[in-house]
Structures are given as structure tokens and as C-alpha cells.
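Reviewing the structure listed below.
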Amino acid sequence: MSPHPRLQLTDEVREALADGRPVVALESTIISHGMPYPDNVRMAGEVEDLIRAEGVTPATIAVLDGAPRVGLTADDLEMLGKAVESVTKASVRDLGYVVAKGVHGATTVAATMRLAHLAGIAVFATGGLGGVHRGATSSMDVSADLTELSRTPVAVISAGVKSILDIGLTLEAMETLSIPVIGYQTDEFPSFYSRSSGYAAPMRADSPEELAAIMAAQWDLGVTSGFDIASPIPAADEIPADQIAGIITQALADMDELGLTGKDTTPYLLGRVVELTGGASLTANIALVKNNALLGARLAKAYAALRP
């Protein structure tokens with residue numbers, strides 16, 4: 037498919053897509069709202085370099101001055117990392133607004149999926165998915181990431197869902213929405229900082245080629261949902277679940293005391309967990325993003341090989 041005419045692609049991304057070469061989408065909310073400066077900008081550049089080293093083209097996605105951009109420059113990454121106050125955290129519902137208003141929008145998992153699909157990109161690597169928040173039975177706080185996964189054919193590689201969420205309810209919601217959840221080289225569903233959440237991964241695949249074959253079969257059958265490919269954080273970098281649990285409980289209590297709700301919750305909680313762990317959670321976050329990016333590059337190559 038040809039990229040949507042509203043999208044602005046870098047020459048690198050445009051040429052790769054035109055030639056049928058593998059491309060991996062990357063989100064921008066993790067830069068503007070997920071990590072502190074300058075760690076965020078350094079991480080973004082290193083992730084792009086890792087993907088290029090695999091012979092694959094990275095495509096970081098954002099809306100800049102109202103233009104949906106697929107592929108960013110080093111200056112763009114720097115701006116997103118520094119100008120947090122002037123960058124909207126943009127999910128799918130916000131795309132029309134930020135485009136029409138001509139402002140900056142850092143795309144969430146959901147919005148990145150939608151724009152990646154419009155560009156013709158099938159593989160997207162991120163950190164952790166959004167999902168069902170704790171207390172959602174009364175707050176109704178459920179991430180649009182799940183809705184988008186149910187209807188947009190993009191494979192999203194994550195370290196599971198963010199461990200600040202209700203993981204059990206998130207897995208139930210994904211089953212209801214017919215979202216395939218595949219553990220990569222694991223039978224356990226990971227929980228972001230930790231390799232296990234205590235829940236089983238519904239499916240398993242052990243190689244990029246196996247993942248690519250599953251993607252191709254699902255989409256050839258006309259099933260248009262995306263995939264959650266759950267890739268555990270490397271063992272050397274994890275924070276064990278029993279260690280992080282109390283810290284997350286404290287961060288949630290601090291957030292409730294501040295009265296934060298909606299899209300402000302995740303950036304606050306991630307930042308608070310960084311403070312409470314003395315920076316260890318940030319180190320783990322960067323490690324898992326890089327791990328996912330490497331798998332994303334290898335999966336994009338395997339999938340491209342099936343689509344000559």
C-alpha cells in the first residue's frame with residue numbers, strides 16, 4: 037500500500053518502503069512523556085542506531101507543527117525530549133486536533149499504530165503497552181492502546197503491559213477484543229520491569245520467522261487485529277516482581293493523593309517509580325526498549341522476506 041498523502045516521510049523511510057525493505061515504527065510519547073531529559077533523547081538515538089545496525093530502517097513517528105511525520109531527524113528528537121510542555125500526548129482521538137491546530141503531538145502506542153499502518157509499516161517496537169488501570173471497575177480507565185490493537189494490523193513488540201496496570205484484567209480485555217498475545221521465547225506474560233507477571237502468555241513463538249508466519253497467516257485470513265508480541269526484559273536488567281510491587285503501590289498512593297486522572301497518570305507513575313527506585317527503573321526501561329527494538333528489526337526482516 038502507498039503511504040497516506042497526509043503523512044510526511046523522511047527520504048530514508050520513503051525509499052525503504054518503496055523498495056519493500058524492512059521498516060520498524062517507534063513511538064514518540066516515550067521520548068516526551070516517558071523518560072527524563074537527556075536520557076530520553078539518548079535512548080531514542082541509540083534505539084534507531086540499533087535498528088539500522090540490523091540493516092533495517094527506523095521510523096520514529098510524531099506530529100510536528102501539525103504534520104504527521106514518519107521518520108524524524110536528530111533535531112526533531114532533541115526538540116521532543118526537551119519541549120515537554122509544548123508537546124501534546126496524542127492518542128488516536130487527538131490526531132485530528134493536533135493536525136488541524138498545527139501543533140506538536142507525541143504519539144502514544146495507539147496513535148503510532150494508526151500512523152504506522154497508514155504508512156504501510158507492519159512492525160512497531162515500544163516499551164510497554166497501556167491497558168486496564170487498577171481500579172478501572174469504577175474509573176473506567178482503559179487505554180486506547182487495546183482498542184487500536186483490536187482493529188489495526190500492526191505487530192507491537194512490548195515487554196508486556198506496564199506493571200502499574202491491572203495485568204490480569206488487561207489480558208482478559210485483550211482476549212475479549214480478539215487480540216493475539218504471543219510470548220516471545222516464554223510461556224509467561226512479562227510485566228515490563230519483570231520477566232513474569234504471574235500470568236501465562238496465551239501463545240508462544242520462538243523465532244522472528246515463526247512470528248512473521250503467524251502474522252502473515254492471520255492477516256491473510258482477513259483478521260485485521262494487531263498483535264501484542266510480549267518480549268521479556270533481559271534477565272540481567274529486570275527488577276523482580278516482588279521488589280517492584282511495593283514501589284508501584286507507593287506510587288499509586290502518591291498519585292491518588294494528588295488527584296491525577298486520565299492521560300496524566302502514566303507519565304506521573306513512571307516518573308515517580310524512577311524516583312522511588314533511585315533510577316533503577318529508568319535503567320530497566322531503557323534496556324527493555326533496546327531489547328524490543330532488536331527483536332523488531334529481526335521480525336521486520338523476517339516479515340519482509342515473506343512479502344517479496
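Start counting the sequence shown at 37; every next residue gets the next number (the numbering used here).
For glycine and all other residues, C-beta sits at the position ideal for the given N, C-alpha and C.
Proximity of residue i and residue j at Cβ, strictly below 8 Å
{"i": "Lys326", "j": "Glu82", "result": "yes"}
{"i": "Leu165", "j": "Asp181", "result": "yes"}
{"i": "Ile280", "j": "Ser199", "result": "yes"}
{"i": "Leu43", "j": "Val77", "result": "no"}
{"i": "Asn271", "j": "Ile87", "result": "First, the residue type needs correcting, since residue 271 is Ala and not Asn in the sequence shown. No."}
{"i": "Arg170", "j": "Leu201", "result": "yes"}
{"i": "Gly141", "j": "Val123", "result": "yes"}
{"i": "Ala191", "j": "Met251", "result": "yes"}
{"i": "Val99", "j": "Thr148", "result": "no"}
{"i": "Gly138", "j": "Asp111", "result": "no"}
{"i": "Tyr2", "j": "Ile284", "result": "Outside the shown range of the chain, which is 37 to 344, sits residue 2, and nothing can be said about it."}
{"i": "Ser179", "j": "Leu213", "result": "no"}
{"i": "Gly332", "j": "Val60", "result": "yes"}
{"i": "Gly117", "j": "Pro74", "result": "yes"}
{"i": "Pro39", "j": "Gly156", "result": "yes"}
{"i": "Leu312", "j": "Leu288", "result": "no"}
{"i": "Val18", "j": "Ala336", "result": "The structure shown does not extend to residue 18, since the chain is modelled only from 37 to 344, so the question has no answer here."}
{"i": "Leu53", "j": "Pro104", "result": "no"}
{"i": "Arg343", "j": "Gly132", "result": "no"}
{"i": "Thr183", "j": "Lys125", "result": "no"}
Cβ shell of residue i (< 6 Å), same chain only, five flanking positions each side left out
{"i": "Arg334", "result": "Pro244"}
{"i": "Val310", "result": "Ser317 and Leu318"}
{"i": "Pro226", "result": "Ala195, Gly196, Ala266 and Pro268"}
{"i": "Ala338", "result": "Pro244, Glu245 and Ala248"}
{"i": "Val120", "result": "Ser68"}
{"i": "Ile218", "result": "Met239, Ala241 and Ile265"}
{"i": "Pro303", "result": "His69"}
{"i": "Ala340", "result": "Pro58"}
{"i": "Ala80", "result": "Ile67 and Leu113"}
{"i": "Gln221", "result": "Asp242"}
Simplified DSSP state of residue i, which is helix, strand or coil
{"i": "Met239", "result": "strand"}
{"i": "Val60", "result": "strand"}
{"i": "Leu45", "result": "strand"}
{"i": "Leu257", "result": "coil"}
{"i": "Asp181", "result": "helix"}
{"i": "Glu224", "result": "strand"}
{"i": "Asp55", "result": "coil"}
{"i": "Asp202", "result": "coil"}
{"i": "Ser186", "result": "coil"}
{"i": "Gly332", "result": "helix"}
{"i": "Ile269", "result": "coil"}
{"i": "Ile215", "result": "coil"}
{"i": "Ala195", "result": "coil"}
{"i": "Ser38", "result": "coil"}
{"i": "Ser174", "result": "helix"}
Same chain only: Cβ atoms within 7 Å of residue i, ignoring 5 sequence neighbours per side
{"i": "Gln254", "result": "Pro216"}
{"i": "Val145", "result": "Glu63, Thr162, Leu165, Gly166, Asp181 and Val192"}
{"i": "Ala323", "result": "Ile269, Pro270 and Asp273"}
{"i": "Val168", "result": "Val178, Leu201, Asp202, Leu205, Thr206 and Ala209"}
{"i": "Pro276", "result": "Ser230"}
{"i": "Met37", "result": "Gly156"}
C-beta neighbour in chain C for residue i, strict 8 Å
{"i": "Leu288", "result": "Any reference to chain C falls outside this structure, which holds one protein chain only."}
Contact set for residue i: own chain, Cβ-Cβ below 8 Å, skip 5 residues either direction
{"i": "Gly307", "result": "Pro72"}
{"i": "Thr260", "result": "Arg187, Thr188 and Pro189"}
{"i": "Met291", "result": "Thr301, Tyr304, Leu305 and Arg308"}
{"i": "Asp223", "result": "Ala236, Ala237 and Arg240"}
For this session: List in chain order: all unbroken beta strand (DSSP E) runs of 3+ residues lying wholly within the region 95-170.
Result: 103-106, 123-126, 140-143 and 159-161
Exercise. Using 8 Å as the Cβ pair cut-off and three pairs as the minimum, do the region 294-304 and the region 223-240 touch?
Worked result: no
Problem set entry | Three-pair Cβ contact test at 8 Å for the region 41-58 versus the region 80-95 | yes
Exercise. Taking the runs of the alpha helix (DSSP H) that are 4 residues or longer, which of them lie wholly in the region 61-94?
Worked result: 65-68 and 75-89
Problem set entry | Complete beta strand (DSSP E) runs within the region 280-319 (minimum length 3 residues, chain order) | none
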